[in-house]
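One structure is given here, and the rest of the page talks about it.
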Amino acid sequence: RSSDLPLVVCSLVAGAASLDTSALGRLGGWALLFFLITTLLASALGVTMAFIIQPGSGGGTNSPSLGLTDEGIPESKDVGDSFLDLIRNIFPSNLVSAAFQSYTTSYKLVSIKKNVTDELGVASVNVTVEKVPFGIDVDGMNILGLVVFAIVFGIALRKLGEEGEILIKFFNSFNEATMVLVSWIMWYAPLGIMFLVAGKIVEMEDVAALFSSLGKYICCCIVGHIIHGLIVLPLIYFILTRKNPFRFLWGIVTALATAFGTSSSSATLPLMMKCVEEKNGVSKHISRLLLPRSEEH
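For the sequence shown, the working numbering gives the first residue as 3, with consecutive numbering after it.
Next comes the structure, spelled out in structure tokens:
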């Protein structure tokens, strides 16, 4: 994921700088609405599939140990704190730290002692435990803050006119070089992924029990992706454009195959840009502005 930062930032800066401010606002608004609707539909589909298939059923207390522990499971957060964390990450205090850290809310239990006197005059100590939130920086790129900064910086370069052309050309060249670099990395990605998966399998105590317990989960994911990718999204495309959605999907089949084989959005992003621009006729200004944002989506 070391290529995420230059790839996303340079693409967004170059894309935002190439569009007029009013056109950028309309395009960003429609893109935000599309991301919101598709996310809600995907969430509803995922919940529905989970209720129908019930991937977690059948794994009672007598199920075999898979060598897995509860360590590393994130603690549940309040909805309000999650929303505030999202707002805080949009405006990072330090761009350098945003490249490898993001802000999140954690909790600690605090005991509060109070002296209480009842009606008979007997004094006692009442101890209550409260969950107190506090902010920490956790490992992980703050991609949301970097996206917002890159778009605003691109708009600022656009406002500079001729003075900003040199820097815009720099980001365009940097973006092209990064895409070439990622295309080279893609050839080695399957080998690295193979060894990572093999190492995890070797560490497991009972591989057969693992695959049998995850069978429903894998089935739920595959069926959900097929319904969302081959029915829901093509239907939205047809309603908005009145064109054959599967012809568009055929144009990006190479990028979809790469995404399936590598499970990496960074490796797929440059190939997806090439497919939509050369095979589907999408404007370079639009693809390089929206596709990096869709990676965060």
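Don't be surprised by glycine CBs; every beta carbon is placed ideally from N, CA and C. Note that the structure is a prediction, hence the values are computed from the model and not measured.
With 16 other Cβ atoms within 10 Å as the buried cut-off, status of residue i
i	result
A125	exposed
R2	Because residue 2 is not part of the residues shown, which for the chain are 3 to 299, the question remains open.
G27	exposed
A210	exposed
T260	buried
F248	exposed
P94	buried
T50	exposed
N128	exposed
F173	buried
G147	buried
L159	buried
T270	buried
S20	buried
A100	buried
V284	buried
M196	exposed
V204	exposed
V182	exposed
A16	buried
E280	exposed
Integer Cβ distance of residue i from residue j, believed to fall under 8 Å
i	j	result
S104	V140	6 Å
K110	F136	6 Å
P294	L97	Contact doesn't hold; Cβ gap of about 17 Å is too wide.
G48	G253	Going by Cβ atoms, the distance from G48 to G253 rounds to 27 Å, so no, they are not a contact pair.
K218	I54	Contact doesn't hold; Cβ gap of about 10 Å is too wide.
V112	V134	5 Å
L7	M143	7 Å
H230	A44	6 Å
Beta-carbon proximity of residue i to residue j, cut-off 8 Å
i	j	result
C1	A52	Because the chain in this structure spans residues 3 to 299, residue 1 falls outside the shown range and cannot be described.
I168	A18	no
F176	C12	yes
T180	L292	no
T119	D83	no
P236	L251	yes
T23	I170	no
C277	T243	no
I114	E132	yes
M206	L212	yes
Contact test: residue i Cβ vs the ligand FMN heavy atom, cutoff 7 Å
i	result
V11	As for the ligand FMN, it is missing from this structure, which has no ligand bound.
Reduced DSSP category for residue i - H, G, I as helix; E, B as strand; rest coil
i	result
K110	strand
V204	helix
P135	strand
I75	Summary for I75: the model assigns pLDDT 48, below 50, so the residue's position carries little reliability; its value from the coordinates is reported in the next sentence. I75: coil per DSSP, three-state reduction.
V284	coil
K115	strand
N128	strand
D22	coil
D83	helix
S95	coil
Query raised in the report: Taking only runs of the alpha helix (DSSP H) that begin and end inside the stretch 219 to 282, which ones reach a length of at least 4 residues, in chain order?
Result: 235 to 243, 247 to 253, 255 to 264, 267 to 280
Query raised in the report: Residue ranges of each alpha helix (DSSP H) run of no fewer than 4 residues wholly in the stretch 135 to 182, ordered along the chain?
Result: 145 to 162
Requested in this report: Ignoring anything shorter than 4 residues or poking outside the stretch 9 to 58, list the alpha helix (DSSP H) runs there in chain order.
Outcome: 23 to 55
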